[in-house]
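Heads up, the sequence shown is in the working numbering, so the first residue is 5 and it goes up one at a time. Have a look at the structure below, then the notes.
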Amino acid sequence: MFASRLKECRIKKQLTMKELGQALNMAQSTISGYENGTRKPDLDNLARLADYFNVSTDYLVGRLDSNDSFILHSDQLTSDEKLFLADCLQLYRKHCATNKV
5 MFASRLKECR
15 IKKQLTMKEL
25 GQALNMAQST
35 ISGYENGTRK
45 PDLDNLARLA
55 DYFNVSTDYL
65 VGRLDSNDSF
75 ILHSDQLTSD
85 EKLFLADCLQ
95 LYRKHCATNK
105 V
């Protein structure tokens, strides 16, 4: 799964294997090995690839079918933002309960 996901991400960005390798300071042969399934990235390179393509490592290795996941870390929010999101969630839940969504 990783091989096809990596290739899909690379093609979506219209990059050659050489260009991707240069961007991440990896050999073209390394990228080729990843894409044809003869090599597996270590955790550091897996994270670098995921960061580069702005996808999760779970998506790259096939644990998620979609990259539409949204992860929000509370330590990156101000107190006002946390309160705002809590209010929004409360309103949404109330709407769902009222409309049986």
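We treat Cβ as the ideally placed atom computed from N, Cα and C, and that holds for glycine.
Assign residue i to one of two classes, buried (16 or more other C-beta atoms within 10 Å of its C-beta) or exposed (fewer than that).
i	result
residue 100	exposed
residue 27	exposed
residue 38	buried
residue 21	buried
residue 24	buried
residue 53	buried
residue 35	buried
residue 57	buried
Would you mind stating whether residue i and residue j have Cβ atoms separated by less than 8 Å?
i	j	result
residue 9	residue 50	no
residue 29	residue 7	no
residue 59	residue 13	yes
Please list the terminal residues of the continuous alpha helix (DSSP H) segment that includes residue i.
i	result
residue 26	21-28
residue 37	32-40
residue 14	6-16
Could you pull out every unbroken beta strand (DSSP E) segment of at least 3 residues lying fully inside the region 45-104, listed in chain order? none
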